[in-house]
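Colleague: Read top to bottom, the protein sequences are chains P and R. For what it's worth, my numbering labels the leading residue of the first sequence as 1, then goes sequentially. For what it's worth, my numbering labels the leading residue of the second sequence as 1001, then goes sequentially. Note that the Cβ used here is the ideal one computed from N, Cα and C, for glycine as well. Please read these numbers as outputs of a predicted model, since none were measured by experiment.
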Amino acid sequence: MKVLVCISNVPDTTTKVKFTDNNTKFDSNGVQWVINPWDELALTRALELKDNSASGIQSVTVAHVGPATAEPTIRKALAIGADSAIRVNIEPTDAYQVAAQIAEVVKSEGFDVVLCGIESSDFNGSTVGSMIAEFLDYPSVSAVSGLNFENGQSVITREIDGGKETVSVPAPFVAVVQKGIAKEPRIAAMRGIMQARTKPIKVVEPAAVDALTEVVSFEPPQPRAKCVFIDAENPAELIAKLQNEAKVI
Amino acid sequence: MSVLVFTENWDGKFKKLSFEIVSYASKVAEMLGTTATALSIGNVADDELTKLGNYGAKKIINLKNDALNILDSQAYTAAIAEIAKNEDAKVIVVANNNMGKSIAPRLSVRLKAAIGSGVSKLPVSTEPFVVYKRAYSGNAFANVALKSEVKILTLMQNSFDIVETANEATIEAGSVSIDGGMVKTQVKDVQKQTGKLLLTDAEIVVSGGRGMKSADNWAPLEELANVLGAATACSRPVSDEGWRPHEEHTGQTGKIVAPNLYFAIGISGATQHLAGVSASKYIVAINTDKDAPIFEAAQYGIVGDAAKVLPKLVEAVKEAKAK
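1. Kindly list the residues whose CB is nearer than 8 Å to the CB of Lys1051 (chain R), restricted to its own chain and excluding five residues on each side of it in sequence; keep chain order.
2. Taking 9 Å as the CB-CB limit, is Gln292 (chain P) close to chain R?
3. Taking Gln97 (chain P) as part of the alpha helix (DSSP H), name the residues at either end of that continuous run.
4. What residue ranges within the region 49-95 of chain P form continuous beta strand (DSSP E) runs of no fewer than 3 residues, ordered along the chain?
5. Below 8 Å on C-beta distance, what does Tyr1024 (chain R) contact in chain P?
6. Would you identify the three-state DSSP class for Arg197 (chain P), choosing helix, strand or coil?
7. In this structure, how does DSSP classify Ser142 (chain P) when only helix, strand and coil are distinguished?
8. For Ser1159 (chain R), does the three-state DSSP call read helix, strand or coil?
9. Could you confirm whether any beta carbon from chain R is found closer than 9 Å to the beta carbon of Trp33 (chain P)?
10. Name, please, each residue of chain R whose Cβ falls closer than 7 Å to the Cβ of Met1 (chain P).
11. Would you say the region 186-197 of chain P touches the region 68-81 of chain P, given that touching needs at least three Cβ pairs under 8 Å?
12. Measure the Cβ-Cβ separation of Ala1285 (chain R) and Ala1279 (chain R) and say whether it is below 9 Å.
13. Whose Cβ in chain R lies nearer than 7 Å to the Cβ of Ala124 (chain P)?
14. By how many angstroms is the C-alpha of Ile1080 (chain R) removed from the C-alpha of Leu1107 (chain R)?
15. Return no unless some Cβ of chain P is closer than 9 Å to the Cβ of Lys1188 (chain R).
16. Counting only C-beta atoms, is Thr1077 (chain R) closer than 9 Å to chain P at any point?
17. Across which residues does DSSP place Lys1133 (chain R) in a beta bridge pair?
18. Using a Cβ cut-off of 7 Å, pull out every chain R residue sitting near Ala225 (chain P), in sequence order please.
19. To which residues does DSSP link Trp33 (chain P) through a beta bridge?
20. Figure out for me which residue from R:Ser1148, R:Glu1149, R:Gln1157, R:Gly1053 has the closest Cα to the Cα of Gly1100 (chain R).
21. If the cut-off is 7 Å on Cβ atoms, which residues from the region 176-187 of chain P count as contacting chain R, listed in chain order?
22. Check distances from the C-beta atoms of the region 13-34 of chain P to those of chain A and list, in chain order, the residues that come in under 7 Å.
23. Pick helix, strand or coil for Arg1110 (chain R), following the three-state DSSP scheme.
24. Excluding five sequence neighbours on each side, which residues of the same chain lie with their C-beta closer than 7 Å to the C-beta of Ile90 (chain P)?
25. Does the beta-carbon of Pro200 (chain P) have 16 or more other beta-carbons within 10 angstroms, so that it is buried, or is it exposed?
26. State yes or no: is the C-beta of Asn1062 (chain R) within less than 9 Å of the C-beta of Ile1204 (chain R)?
27. Can you check DSSP and say which residues form a bridge with Tyr1300 (chain R)?
28. Asp1066 (chain R): which of R:Ile1060, R:Lys1059, R:Tyr1076 sits nearest, CA to CA?
29. Out of P:Val34, P:Ser55, P:Gln32, P:Val60, which one is the CA nearest neighbour of Thr44 (chain P)?
30. Alpha carbon to alpha carbon, how far is Val113 (chain P) from Lys241 (chain P)?
31. Hey, would you say Ala188 (chain P) sits closer than 9 Å to Ala196 (chain P), going by beta carbons?
32. Rank R:Val1309, R:Arg1110, R:Val1005, R:Lys1059 by C-alpha distance to the C-alpha of Asn1217 (chain R) and give the top, closest one.
33. Within 9 Å of any Cβ in chain R, is that where the Cβ of Lys76 (chain P) sits?
34. Does the region 116-133 of chain P come within contact of the region 1133-1147 of chain R, defined as at least 3 CB pairs closer than 8 Å?
35. Considering only the alpha carbon of each residue, which of R:Phe1295, R:Lys1312, R:Leu1274 lies closest to Thr14 (chain P)?
36. Taking Lys1281 (chain R) as the reference, give the member of R:Ile1302, R:Val1257, R:Glu1149 with the closest Cα.
So this is what it looks like as structure tokens:
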């Protein structure tokens, strides 16, 4: 089976978020770009499955929708262990447009399993994975915290509101994964970094798809009031404030 | 024209989240000069369905279909899309929870409807249709224009106040042309969390970090949660160490929560943690380091050791509740 892991290129999570052009564009000046944390976990799980021959996974490819400036992030995914990469050469504008491009890649290359992280840490949409599935009319499972294969069948743990379910869907399918799918992201070793230099990144031109949404402007979060300190010896004062001032208990 | 709101049920019962999204959908309908229709899927008794009317739904569609007994994203998408077309829905409101996230994006593609995901407020405007949503993991917010004729909004839990109104809703039986043949998901096993308040439902959350020092020190934190009627949570290092189960991890890569009150105990307040909890209405921080970044996010703070402060807090809550 062939696995496709979709990766988003996002600002490092410690980035100080700023905007330019009248608060309509993210200020990428001096920003470190990384693989979106959930996508990194998805890639890690895909590689763990490939390492275990009983899973039936033979190859792991990563796909990214974005311009050539994202190639260092794609190389990182190859260094971690992906076998090959596909980049759709277009500026990502919204989830619908990105999902449509990935769906085209899946149609032309053929994958049995498509993995996506639950959300990207920049747009926080939680939408691309399930959108890909609908474009392809594939089954999709969301909130996935465990993925295995037994006798060629998928064994998927998904979180439901108030518990967990073990489910199975036939391939080809899309799994939208979250915390728990892999313990820690796999780190690139020196050998992987060397090998990544010669692994292929296939660049494909985009399909004509219009975005359905447009960011009008960004805003900073509302500033919070300054912290009121309370003496560690007098927690009753804190409780009184929570009852009478904040009225939350 | 109408606004359609999908209300999930839990063993035939609605919960606060259901009333929140119906209240929200009713207000959106008001903005558009139309009314809200609630869609319930599964076995829910009429007296439970009637409750949705108290939050502004004018019509309630009671849809029972064996193909929808388990969550299969394709079957649910087909069913909701069909109802949305029958009802001429211009806006579809879904909760931004696990179920909503598995259906709303598929509906978006099927109906070619722009999606405003994780909204926490009413739309900024309806002409053009602009929504306000979290971006950059809580480090910013975005005003996003939805440019299609039909729009989908997924509402963040605990972000919209319930509005009760004097209103009677009509209940209609719904029907859709889907059958069991299209269901590809097989459920092999269900493990329900019973008797415990869900982290995402909780109005108060008591969360512990590395400053708790060991898995053995959680008893006073659990007691505080218990006396407050709160859910327990933890930071990422704590779940990585296995001190607490990963379901309790709040933060960017864990659960995103927005309770009325969040206790951060022995949590330094790294950006990644704040990304998951900054929507809380009040944050109380307890930390030995007075310069810890958590105090910048908190409204109330105590500089001190959790092991010493927690038992005193428990006593203070008990005394306050006894009054």
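Modeller: Looking at the atomic coordinates:
1. Position 51 of the second sequence, counted from the start, is the residue given in the question as residue 1051 (chain R). Around Lys1051 (chain R): Phe1014, Phe1019.
2. What is shown of chain P runs 1 to 249, which leaves residue 292 (chain P) out entirely.
3. Your numbering for residue 97 (chain P) matches position 97 in the first sequence. Gln97 (chain P) -> alpha helix (DSSP H) spans 95-109.
4. 59-65, 84-88
5. As a working note, residue 1024 (chain R) is residue 24 in the second sequence. By Cβ distance, chain P contributes nothing, its closest Cβ being about 18 Å from Tyr1024 (chain R), past 8 Å.
6. Taking the first sequence and counting its residues from 1, one reaches residue 197 (chain P) at position 197. Arg197 (chain P): coil per DSSP, three-state reduction.
7. Indexing the first sequence from 1 puts residue 142 (chain P) at position 142. DSSP places Ser142 (chain P) in strand when its eight states are reduced to three.
8. As a working mapping, residue 1159 (chain R) is identified with position 159 in the second sequence. Ser1159 (chain R) falls in the coil class under three-state DSSP.
9. For the purposes of this step, residue 33 (chain P) is taken as the residue at position 33 of the first sequence. Trp33 (chain P) does not count as touching chain R.
10. As a working note, residue 1 (chain P) is residue 1 in the first sequence. Near Met1 (chain P) there are no residues of chain R at all, since even the closest Cβ is about 17 Å away, more than 7 Å.
11. yes
12. Numbered from its first residue, the second sequence carries residue 1285 (chain R) at position 285. Numbered from its first residue, the second sequence carries residue 1279 (chain R) at position 279. Cβ atoms of Ala1285 (chain R) and Ala1279 (chain R): not closer than 9 Å.
13. For the purposes of this step, residue 124 (chain P) is taken as the residue at position 124 of the first sequence. For clarity, residue 124 (chain P) is Asn in the given sequence; the question names Ala instead. What Asn124 (chain P) touches in chain R: Gly1118, Arg1134, Ala1135, Ser1137.
14. For the purposes of this step, residue 1107 (chain R) is taken as residue 107 along the second sequence, with counting starting at 1. For the purposes of this step, residue 1080 (chain R) is taken as residue 80 along the second sequence, with counting starting at 1. Taking the straight line from one Cα to the other gives about 8 Å.
15. Counted from its first residue, the second sequence places residue 1188 (chain R) at position 188. Yes, Lys1188 (chain R) lies at the interface with chain P (some Cβ there is under 9 Å from its Cβ).
16. The residue labelled residue 1077 (chain R) in the question sits at position 77 within the second sequence. Yes, its Cβ sits closer than 9 Å to a Cβ of chain P.
17. One-based indexing of the second sequence puts residue 1133 (chain R) at position 133. According to DSSP, Lys1133 (chain R) bridges with R:Val1119, R:Ala1142.
18. Along the first sequence, one-based indexing puts residue 225 (chain P) at 225. Per Cβ cutoff of 7 Å: Gln1299.
19. Here residue 33 (chain P) refers to the residue found at position 33 when the first sequence is read from its first residue. Bridge partners of Trp33 (chain P): P:Pro11.
20. On the second sequence, residue 1100 (chain R) is found 100 positions in, with the first residue counted as 1. Of the listed residues, the one whose Cα sits closest to Gly1100 (chain R) is R:Gln1157.
21. Lys179, Gly180
22. In the displayed structure, chain A is absent; the protein chains listed are P and R.
23. Walking along the second sequence from the start, residue 1110 (chain R) turns up at place 110. Arg1110 (chain R): helix per DSSP, three-state reduction.
24. Within the first sequence, the letter at position 90 stands for residue 90 (chain P). Closer than 7 Å at Cβ, skipping near neighbours: Val65, Gln101, Pro206.
25. By one-based count along the first sequence, residue 200 (chain P) stands at place 200. The residue is exposed, with fewer than 16 neighbouring Cβ atoms inside 10 Å.
26. Locating residue 1062 (chain R) in the second sequence gives position 62, where the first residue counts as 1. Locating residue 1204 (chain R) in the second sequence gives position 204, where the first residue counts as 1. No, these two residues do not count as a Cβ contact at 9 Å.
27. Reading the second sequence from its first residue, position 300 is the one you call residue 1300 (chain R). In the DSSP output, where bridge partners are listed per residue, Tyr1300 (chain R) has P:Val228, R:Val1284.
28. Here residue 1066 (chain R) is taken as the residue at index 66 of the second sequence, counted from 1. Closest option to Asp1066 (chain R), Cα to Cα, is R:Tyr1076.
29. Here the question's residue 44 (chain P) lines up with position 44 in the first sequence. Comparing Cα-Cα distances from Thr44 (chain P) to each of P:Val34, P:Ser55, P:Gln32, P:Val60, the minimum goes to P:Val60.
30. Position 113 of the first sequence, counted from the start, is the residue given in the question as residue 113 (chain P). Position 241 of the first sequence, counted from the start, is the residue given in the question as residue 241 (chain P). So the alpha carbons of these two residues sit roughly 53 Å apart.
31. As a working note, residue 188 (chain P) is residue 188 in the first sequence. As a working note, residue 196 (chain P) is residue 196 in the first sequence. Contact flag set, yes.
32. Within the second sequence, residue 1217 (chain R) is the residue found at index 217, counting from 1. With distances taken between Cα atoms, Asn1217 (chain R) lies closest to R:Val1309.
33. On the first sequence, position 76 is the one that residue 76 (chain P) refers to. Output row for Lys76 (chain P): interface = no.
34. yes
35. By 1-based counting over the first sequence, the position of residue 14 (chain P) is 14. Ranking R:Phe1295, R:Lys1312, R:Leu1274 by Cα distance to Thr14 (chain P) puts R:Leu1274 first.
36. Taking the first residue of the second sequence as position 1, residue 1281 (chain R) is located at position 281. Closest by alpha carbon: R:Val1257.
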